[in-house]
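Asks: Before I ask anything, here is the structure I am working with.
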């Protein structure tokens, strides 16, 4: 009896010296002191539903205990659940992952500086080249996919709540940041052997991901010959047309400068213009060239600032009868259609041949 009493006293002493802890199963323990976030994602601004999405969480607020940024990639896109250390976070969401956009460069280092930029030709070949000048105006031949990148953001996912093991639910609707821009230019004197190329100066270099505002750097977008479709004149006294569709982040908006009609505006001396200039180069079958520069600033900005995703830039008129398909000189009509001098075009399409310095290897298995 004495022995049993000693055992009970010993147990009581031990129990008095212990701190009791709530023991939970493993699956419950994973969410203790965790923030659980459930999001439904609305991709209606994209032309088609993506096959993946990225969520970036950045610690924010006055009670940060974990300073790490968390970036998650998912192959499910309609609904996601995330478990994080319990504190407040800023959030950026976009479709796919940054490595899947070959023509874009992402900076996801912080919420405030997160941005996406179009790679310039220099950056496409020298992967770590960065520019700091606000007027670098580097050219890019990358063709952005219209309506191909959509971004959503939140300054705070908690919004002041202090509840432990908080379970948040919400809807994210990423906004399209790459606008579609279609160029439709009416031209007299077109034939199948005319080659068209050009550029658009002072387009937006990229956008911030937290506010979707334009970055303060311009870029010149090249318009290579393969981008253009050519439509023959429907009638002898009407113009044909050249058409191209590209993706753009928008117009670069800085100080306005009086437009100089000098072709290829970006090459002139002095402070560069920040207006959007469509530079066109027509190479004719008789080996002559015709260059023109058209200020399209107001046409772009008017549609962009009104939130239009499919911008259309139309130069000239389909019903313009002020020009001729048999003109002796190059020029423009009063309605803005371009006139090319008449050349003797042979039937069929022009053929280009790769230079001798281009080597192509073909491997044949027998």
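Numbering (our numbering), first residue to last: 6 to 371.
Virtual Cβ for every residue (Gly too), placed ideally from N, Cα, C.
Since the structure is predicted, the reported quantities are computational estimates derived from the model, not experimental observations.
(1) Excluding the 5 residues flanking residue 332 on each side, which residues of the same chain have their C-beta closer than 7 Å to its C-beta?
(2) With residue 282 and residue 300 assumed to form a contact (beta carbons below 8 Å), what rounded beta-carbon distance in angstroms separates them?
(3) Between which two residues does the alpha helix (DSSP H) carrying residue 306 extend?
(4) Considering just the uninterrupted stretch of the beta strand (DSSP E) at residue 245, what are its terminal residues?
(5) Name the one or two DSSP bridge partners that residue 187 has.
(6) Using 8 Å as the threshold, is the stretch 101-108 in touch with the stretch 51-58, meaning 3 or more CB pairs across them?
(7) Is residue 117 helix, strand or coil when you go by DSSP?
(8) Round the Cβ separation of residue 215 and residue 117 to the nearest angstrom and send it over; I've been treating them as touching at under 8 Å.
(9) Among the candidates 61, 217 and 201, whose CA atom is the shortest distance from the CA of residue 85?
(10) Using 8 Å as the threshold, is the C-beta distance between residue 125 and residue 112 below it?
(11) Look up residue 402 in the DSSP assignment and give the residues it is bridged to.
(12) Give me the DSSP bridge partner(s) of residue 174.
(13) Roughly how many angstroms separate the alpha carbons of residue 247 and residue 209, rounded to a whole number?
(14) Would you call the stretch 86-97 in contact with the stretch 194-207, where contact means no fewer than 3 C-beta pairs closer than 8 Å?
(15) Near residue 109, which residues of its chain fall below 6 Å by C-beta distance, leaving aside the five closest residues on each side in sequence?
(16) Just the C-alpha distance for residue 250 and residue 185, rounded to the nearest angstrom, thanks.
(17) Quick one: Cα of residue 82 to Cα of residue 41, how far?
(18) Per DSSP, residue 181 forms a beta bridge with which residues?
(19) So what's residue 144 in DSSP terms, helix, strand or just coil?
(20) Can you give me the Cβ contacts of residue 230 inside the same chain, cut-off strictly under 8 Å, excluding the 5 residues immediately before and after it?
(21) Can you list, in chain order, the residues of its chain with a C-beta nearer than 6 Å to that of residue 305? Leave out the 5 residues immediately preceding and following it.
(22) Whose C-beta lies closer than 6 Å to the C-beta of residue 297 among residues of the same chain, with five residues either side of it excluded?
(23) Going by beta carbon distance, what residues of the same chain come within less than 7 Å of residue 78, once the five residues before and after it are set aside?
Replies: So, from the data block:
(1) Stepping through the chain shown from its first residue, residue 332 is reached at position 327. Contacts found: 193, 194, 344, 346 and 347.
(2) Taking the first residue of the chain shown as position 1, residue 282 is located at position 277. Taking the first residue of the chain shown as position 1, residue 300 is located at position 295. Right, their Cβ atoms sit about 6 Å apart.
(3) Within the chain shown, numbered from 1, the residue matching residue 306 stands at position 301. Counting along the chain, the alpha helix (DSSP H) containing residue 306 begins and ends at 302-310.
(4) Locating residue 245 in the chain shown gives position 240, counting from the first residue. Residue 245 -> beta strand (DSSP E) spans 245-253.
(5) Residue 187 sits at position 182 when you count from the first residue of the chain shown. Its beta-bridge partners are 250 and 317.
(6) yes
(7) In the chain shown, residue 117 corresponds to position 112, counting from 1. Three-state DSSP puts residue 117 in coil, outside helix and strand.
(8) For the purposes of this step, residue 215 is taken as the residue at position 210 of the chain shown. For the purposes of this step, residue 117 is taken as the residue at position 112 of the chain shown. The pair is a contact, with the Cβ atoms about 7 Å apart (cut-off 8 Å).
(9) Sequence index remark: in the chain shown, residue 85 carries index 80 (1-based). Checking every option, the nearest Cα to that of residue 85 belongs to 61.
(10) Translated into positions along the chain shown, residue 125 becomes position 120. Translated into positions along the chain shown, residue 112 becomes position 107. Cβ distance not < 8 Å, so residue 125 and residue 112 don't count as in contact.
(11) The chain is shown only over 6 to 371; residue 402 falls outside these bounds and no answer can be derived.
(12) The count along the chain shown starts at 1 and reaches residue 174 at position 169. Answer by DSSP bridge pairing, in chain order: 43.
(13) Within the chain shown, residue 247 is the residue found at index 242, counting from 1. Within the chain shown, residue 209 is the residue found at index 204, counting from 1. The alpha-carbon atoms of residue 247 and residue 209 are separated by roughly 24 Å.
(14) no
(15) The residue you call residue 109 lines up with position 104 of the chain shown. Closer than 6 Å at the Cβ level, and outside the excluded window around residue 109, lie 121.
(16) The sequence position of residue 250 within the chain shown is 245, counting from 1. The sequence position of residue 185 within the chain shown is 180, counting from 1. Cα-Cα distance, rounded: 7 Å.
(17) Sequence index remark: in the chain shown, residue 82 carries index 77 (1-based). Sequence index remark: in the chain shown, residue 41 carries index 36 (1-based). Cα to Cα, the separation comes out at about 18 Å.
(18) Position 176 of the chain shown, counting from 1, holds the residue named residue 181. In DSSP, residue 181 forms a bridge with 155.
(19) For the purposes of this step, residue 144 is taken as the residue at position 139 of the chain shown. Residue 144: strand per DSSP, three-state reduction.
(20) As a first step, residue 230 must be located in the chain shown, where it is residue number 225. Only 200, 201 and 202 meet the Cβ criterion.
(21) Stepping through the chain shown from its first residue, residue 305 is reached at position 300. 256 and 281.
(22) Within the chain shown, numbered from 1, the residue matching residue 297 stands at position 292. Within the same chain, residue 297 has close Cβ partners 285.
(23) Indexing the chain shown from 1 puts residue 78 at position 73. Within the same chain, residue 78 has close Cβ partners 57, 59 and 102.
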